Amino acid sequence: MVVVAVIAVCAVLAFLVPGLSRRPERGTHRTLGAGARAGGKAPGILGRLLSKPFHTGSRAVSRSGSAGRRSRGRMPF
Numbered sequence: 304m305v306v307v308a309v310i311a312v313c314a315v316l317a318f319l320v321p322g323l324s325r326r327p328e329r330g331t332h333r334t335l336g337a338g339a340r341a342g343g344k345a346p347g348i349l350g351r352l353l354s355k356p357f358h359t360g361s362r363a364v365s366r367s368g369s370a371g372r373r374s375r376g377r378m379p380f
């Protein structure tokens, strides 16, 4: 649920203020990366299973931010 909220905020921020959306996106990547590293310390396949949601969330944040900036670039004003 938190990841969905972060993605929504990144998309809205990227659409409204594209130049200022990079820093929150990087902060989100840093936070999700820390979670992925912590989950990856578990042994074996469990480590991959615990870190996978963080990698997926990070990829979604990237897509959301880039989609917002791309759609803003297509606007006529």
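Going by the working numbering, 328 is the number at position 25 of the sequence shown; the sequence numbering is gapless.
Cβ coordinates follow ideal geometry from the N, Cα and C atoms, glycine included.
These numbers come from a predicted model, not from an experiment.
For residue i, three-class secondary structure by DSSP
i: K344; result: coil
i: V320; result: coil
i: P379; result: coil
Residue i, buried or exposed, once every other Cβ within 10 Å from all chains shown has been counted against 16
i: R377; result: exposed
i: R372; result: buried
Own chain, CB closer than 6 Å to residue i, minus 5 neighbours either side, in chain order
i: S354; result: A339, G342, G343
i: L335; result: F357, G360, S361
Residues near residue i in its chain [Cβ-Cβ closer than 7 Å; skip 5 each side]
i: H332; result: S361, V364
Contacts around residue i, its chain only, beta-carbon distance under 8 Å, and the 5 residues preceding and following it disregarded
i: P327; result: V312, C313, L316
Beta-carbon proximity check, residue i vs residue j, cutoff 9 Å
i: I310; j: S369; result: no
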